[in-house]
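First comes the structure, then the notes that go with it.
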Amino acid sequence: MQKHRPGVSLTRAVFLLPAGLAMLAGADAALLLVGVGAPVTAARLGDLHGMLMVAGFLGTLIAMERAVALRHPLAFVAPGLLGLGAIALLTPAPLALGQLLLVDGCIALVAVYGALWRRNHDDVVLVELLGAVHLTLAAALWLRLDVPWLMPWLVGFIVLTICAERVELARLAMPASGGRTLVVHAAALTGTLILTLVAPDVGARATGLVLASIVIWLVRHDVARRTVRTSGLPRFSAAALLGGYAWLLLAAVTWVVAGAQTEGFAYDAVVHAVMLGFGMSMVMAHAPIILPAVLKRPLPYRSIMWLPLALMHVGLMTRIVAGDFGGLRTVWQVGSVTNVVALLLFFVVAAGSSIAGPVRRPSRRPRTTSSTTSSTAPSETVTTAPTGIRSPS
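If you're matching positions, the sequence shown starts at 0 in numbering that gives the first Met the number 0 and goes up one per residue.
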């Protein structure tokens, strides 16, 4: 019998190519925004940074994973439209073309979540659906408003999507009402985000309180608190998750103290604590699950993955603590560039680990005594499932 060797699904890889381009363009735009040299200096690239990273990059990744989970050809319309929207933003075509494609992609993602929810009426899928609605509203508002005014809705999308995945994985450690508790938090967050449109300052402070409540509740029940004391991939993933929660809590406290901000140090701190500290930490924690599920290609854990994770957090501490809160512009630039390096390095490491294949461990020869050779029962192997997003099975 011929052995089946898992290979990359080229069709699925094509859908993820625009996400990679959006990430690279978003990283380039980040360098432009902090006032350092960048490979590409297109006129409008800096203004596209936020939507490229959230809708074009993370949105396409999430839509692709959910399309694989649904197992229906039409589900791939969502990542396809989001990817096309990101590419359109990078061309000389009218900005409205890319914006409308993103809106259509977001609507398609809502439809995918709706189909998934109809399967078993799961509370966590309902929360993810609400997160996709947040992204849809952000994309639609972008037709009329600048990105800083719709940033709370982008935050809502990232937070609800990731927190729903964490609740799904922590169900054994959670009370039976865990899913319903998350739904209540999601509804409260939606209400405070609506409030930001009519009373920005009050809405931002209320949003910060809800985010803080979500973080405290999740950390209390997340299995990462235990798996961080293990080793290998479970420990790496748990460290990334707990670090992400810490940055989300910082963003929540900043919103409570500073209120609504569309520029300045408080705005920069909130945006990057959520998008990089929380969002990208979760991507790093979940990548070993996402890639095999989506591309049918394993991503073995290697200890070098700690390097980009550490760089990401060191860069954020430099940028936010010393740069934003300390008012040191040069240090702020150094931290910002470090974040870009960490982001790019992680995907280089991930690609290299996937290409290199599984980690080969040296085989251990059985020990024998000089007088007799005795056979012993093999010791029980305890395997700990890595923390990460659920696979589409």
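Even glycine gets a Cβ: it sits at the ideal position worked out from N, Cα and C. Remember, predicted model here, so these are calculated numbers, not experimental data.
Put simply, the backbone Cα of VAL330 is about 27 Å away from that of ILE157. With contacts defined by Cβ atoms closer than 9 Å, ALA251 and LEU210 form a contacting pair. When the five nearest sequence neighbours on each side are left out, the beta carbons in the same chain lying within less than 7 Å of the beta carbon of ARG318 are those of HIS271, TRP331, GLY334, SER335, ASN338, in order along the chain.
For MET63, the uninterrupted alpha helix (DSSP H) run begins and ends at 59-69, by DSSP. Per DSSP, the unbroken alpha helix (DSSP H) holding GLY84 starts and ends at 76-88.
In this chain, the alpha helix (DSSP H) harbouring ARG219 covers 199-220. The criterion of a C-beta distance shorter than 9 Å is not satisfied by ASP221 and LEU249.
Secondary structure note for ILE288: its alpha helix (DSSP H) is the uninterrupted segment 280-294. If one requires a minimum length of 4 residues, the alpha helix (DSSP H) runs lying completely within the region 101-185 are 122-140, 146-168, in chain order. Going by beta carbons, LEU149 and LEU136 fall inside the 9 Å limit. Beyond the five residues adjoining it in sequence on each side, LEU142 comes within less than 6 Å, by CB distance, of GLN98 in the same chain, given in chain order. Per the coordinates, the alpha-carbon of LEU108 lies some 37 Å from the alpha-carbon of GLY322. Per DSSP, reduced to three states, the secondary structure at SER352 is helical. Put simply, of LEU144, PRO307, LEU342 the residue whose alpha carbon is nearest the alpha carbon of PHE56 is LEU342. Per DSSP, the continuous alpha helix (DSSP H) segment holding PHE264 begins and ends at 263-271.
Between GLY258 and LEU153, the C-beta gap is not smaller than 9 Å, which leaves the two residues out of contact. In the three-state reduction of the DSSP assignment, GLY325 falls in the coil class. Distance from the CA atom of PHE235 to the CA atom of PRO299, rounded to whole angstroms, is 12 Å.
Rounded to the nearest whole angstrom, the C-alpha separation of LEU344 and PRO291 is 20 Å. Contact annotation, PRO357 with PRO297: C-beta distance approximately 6 Å; criterion of less than 8 Å satisfied. THR10 and SER176 have their C-alpha atoms some 40 Å from each other.
Between CYS162 and ILE215, the C-beta gap is not smaller than 9 Å, which leaves the two residues out of contact. Here DSSP, grouped into helix, strand and coil, assigns SER302 to helix. A contact between stretches requires three or more CB pairs, one per stretch, nearer than 8 Å, and the region 53-73 meets this requirement with the region 12-24. By the neighbour-count criterion, in which 16 or more other beta carbons inside 10 Å mark a residue as buried, PRO174 falls on the exposed side.
A distance below 9 Å separates the beta carbons of LEU94 and LEU88.
In the structure shown, GLY34 adopts coil according to DSSP, grouped into three states. Between TYR112 and ALA131 a beta carbon distance of about 5 Å is seen, short of the 8 Å cut, so the two are scored as contacting.
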